[in-house]
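Trainee:
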Amino acid sequence: MSDFATGARAATEALRALFPPTPLLRNDHLSERFGAEIWLKREDLSPVRSYKIRGAVNAMRKRLALVPEGRKFVCASAGNHAQGVAFACRHFGVQGTIFMPVTTPQQKILKTRSFGGDQVEIRLVGDIFDQSLQAAQAFCAHEGAHFLSPFDDADVIEGQASVAVEMLAQLGHAPDMVILPVGGGGLSAGVAQYLRAQRARTELRFVEPEGGASFRAALMAGGPVTLDRIDSFVDGASVARMGARTFAALRETRTDDLLVAPENRICVTMLQMLNIEGIVLEPAGALSIDVLPQLRNAIRGKTVVCLTSGGNFDFERLPEVKERAMRYQGLKKYLMLRLPQRPGALRDFLGILGPEDDIARFEYLKKTARNFGTVLIGIETSAPDNFHGLFERMQEAGFTFTDITDDDVIAGFVI
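Under our numbering, think of the first position of the sequence shown as 25, with each following residue one higher.
Quick look at the structure:
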């Protein structure tokens, strides 16, 4: 057995003092839908509702074994790593300072405080993770504390590999394919290295959010690069630069084995899992399931494990998730409508709507001329094809309009 596999097994054994293995459950709905044996490794059911507790506990226990007096720890996190570190600080009785972006969902901040209690201090710095990371590292250098990387650390990677140790033991054999979400790459690097050490003949597929595709950028450049801009919606996996250690472990990945998931499509997957299966997943936690339709031909008849990496979802975000999902499915559109300023004009427009069309928003913006006014109108319907008929009827009736649903610049100002 390789040194890495031995370390991963030791990390797994150490975790048993804190929680039992997370469930590996066959999902009947997904299995039937895709003609495969689809299993979910439910990291959303860990004590902190994500896999991040694994790497945090392993890194902290190894540091304390090496330097018992080094009892101050610092981390930067968009939420899940913070909760893992907070849980570990309370378990080991050490002090932790946790830097989080100001944009972190309130639910994750409150849970971090709950897990850490008096053992942790939370500092909200920066709009994105990478800014929090810089602040945390500067604080570490000044205070002489030990920095716990969320992903680019050998002990963290080793701890995340415990997912694979449990998975193989629970399944009883190596699956045909494992689908892994990628942010900074710690989980993927750990699982990939363990399966490699076990000589498992398992195909790996990786998936990252479209608005934070730092792994794809690294593969194209031959090494980690910093993205100019990221979309922070998938806050658990939106990282501007993946780790150097994690990339080294994954650099042989073929670009065909790396998939990118659009943020709005992820919302569709989240709602499907909630409504059909009653499973609450955060955006990053839904990544591995979201790409199953793209892999339909590759997985048919095979045993596939999807890693649901986290379930720390703030339900105050549910309206945004539903909005994004409807727009992706073509069930909701926003129009800038030029409405004549005459009696009966609005009634004429309402008469054009189909029986399944519903006005979700109606707002006069301003008069563009004496005889016309501009209206922002949001319309929801039950099938995308309904809009084709609606637009034809609007044109025939002489209404002038512009579809701004996919215009990020205009929509950012008025929606």
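Quick reminder that beta carbons are idealized off the backbone N, C-alpha and C, glycines included. Computed from a prediction, not measured in an experiment: that's the story for all the values here.
Which of the three DSSP states is assigned to Pro317 in this structure?
Mentor: helix
Trainee: Just to confirm my understanding: we take Asp154, look at its own chain, exclude 5 residues before and 5 after, and list those with CB closer than 6 Å. What are they?
Mentor: Ala264
Trainee: If contacts are defined as beta-carbon pairs under 8 Å, then Ile403 and Ile376 qualify, I think. What distance do you get, rounded to the angstrom?
Mentor: That belief does not hold up - the Cβ atoms of Ile403 and Ile376 are roughly 11 Å apart, past 8 Å.
Trainee: Quick check: the region 222-232 against the region 200-214, are at least 3 beta-carbon pairs closer than 8 Å?
Mentor: Touching, yes.
Trainee: According to DSSP, simplified to helix, strand and coil, what is Arg12?
Mentor: Any property of residue 12 remains undetermined from this structure, which presents the chain solely from 25 to 439.
Trainee: Give me the Cβ distance between Gly183 and Arg78, rounded to the nearest whole Å; I'm assuming they're in contact under 8 Å.
Mentor: 4 Å
Trainee: Below 9 Å between beta carbons: does that hold for Phe171 and Val98?
Mentor: yes
Trainee: Among all the DSSP beta bridges, which residues are the ones paired with Ala100?
Mentor: In the DSSP output, where bridge partners are listed per residue, Ala100 has Phe123.
Trainee: Does Ile439 come out as helix, strand or coil in the three-state DSSP assignment?
Mentor: In the structure shown, Ile439 sits in coil (DSSP, three-state: anything other than H, G, I, E or B).
Trainee: Could you check what DSSP says for Asp338 in three-state terms: helix, strand or coil?
Mentor: coil
Trainee: Taking DSSP's pairing of strands, which residues face Leu363 in a bridge?
Mentor: Gly397
Trainee: Do three or more CB pairs link the region 145-160 to the region 59-79 at distances below 8 Å?
Mentor: Result no; under three Cβ-Cβ pairs closer than 8 Å.
Trainee: Compare the beta carbon distance of Ala213 and Ala165 with 9 Å and say whether it is the shorter of the two.
Mentor: Taking 9 Å as the cut-off, the beta carbon of Ala213 is found no closer than this to the beta carbon of Ala165.
Trainee: Tell me where the beta strand (DSSP E) around Arg147 begins and ends.
Mentor: 144-148
Trainee: Please list the terminal residues of the continuous alpha helix (DSSP H) segment that includes Asp427.
Mentor: No alpha helix (DSSP H) holds Asp427; the beta strand (DSSP E) holding it covers 424-427.
Trainee: Kindly give me the distance between the Cβ atoms of Phe116 and Met84, rounded to whole angstroms, as I take these residues to be in contact under 8 Å.
Mentor: 6 Å
Trainee: At which residues does the beta strand (DSSP E) containing Ile445 begin and terminate?
Mentor: The displayed coordinates of the chain run from 25 to 439. Any statement about residue 445 would go beyond what the structure contains.
Trainee: Check each candidate in Asp427, Pro379, Glu145, Ala369 and name the one with the smallest Cα separation from Leu400.
Mentor: Asp427
Trainee: What does a CB cutoff of less than 7 Å around Ser70 pick up in its chain, not counting 5 residues either side in sequence?
Mentor: Phe43, Thr46, Ile77
Trainee: Is the region 185-201 touching the region 239-252 in the sense that three or more CB pairs, one from each, lie closer than 8 Å?
Mentor: no
Trainee: With which residues is His170 paired in a DSSP beta bridge?
Mentor: Phe97
Trainee: So what does DSSP say about Leu243, is it helix, strand or coil?
Mentor: Under the three-state reduction of DSSP, Leu243 is assigned to helix.
Trainee: My output table needs one value for Glu387: the three-state DSSP class, helix, strand or coil.
Mentor: strand
Trainee: Quick one, which of Met297, Ser173, Arg220 has its alpha-carbon nearest Gly108's?
Mentor: Ser173
Trainee: With 16 as the cutoff for other CB atoms within 10 Å, does Leu134 come out buried or exposed?
Mentor: Exposed, since its Cβ has fewer than 16 Cβ neighbours within 10 Å.
Trainee: Can you list, in chain order, the residues of its chain with a C-beta nearer than 6 Å to that of Thr327? Leave out the 5 residues immediately preceding and following it.
Mentor: Glu61, Pro199, Asp200
Trainee: Within 8 Å: the Cβ of Val206 and any heavy atom of the ligand ATP?
Mentor: In the structure shown, the ligand ATP is absent, as is every other ligand, since no ligand is present at all.
Trainee: May I ask you to verify whether the region 138-154 touches the region 51-58, counting CB pairs closer than 8 Å and requiring at least 3?
Mentor: no
Trainee: Can you tell me where the alpha helix (DSSP H) with Val292 in it begins and where it stops?
Mentor: 287-296
Trainee: Please classify Gly14 as buried or exposed, where buried requires at least 16 neighbouring CB atoms within 10 angstroms.
Mentor: Residue 14 lies beyond the stretch modelled for the chain, which goes from 25 to 439, so this question has no answer here.
Trainee: Return the CA-CA distance between Lys86 and Asp68, expressed in angstroms with no decimal places.
Mentor: Roughly 25 Å between the two C-alpha positions.
Trainee: Let me check one thing: in DSSP terms, what residues is Gly402 bridge-paired to?
Mentor: Tyr358, Arg385
Trainee: Roughly how many angstroms lie between the CA atoms of Gln130 and Lys357, to the nearest whole one?
Mentor: Gln130 and Lys357: Cα-Cα distance of roughly 29 Å.
Trainee: I'd like the list of long-range same chain contacts for Phe411, defined as Cβ closer than 8 Å, with 5 residues on each side in sequence excluded.
Mentor: Gly354, Lys357, Ile403, Thr405
Trainee: Is the separation between the beta-carbon of Gln194 and that of Leu39 shorter than 9 Å?
Mentor: no
Trainee: Please state whether DSSP places Pro44 in a helix, a strand or coil.
Mentor: coil
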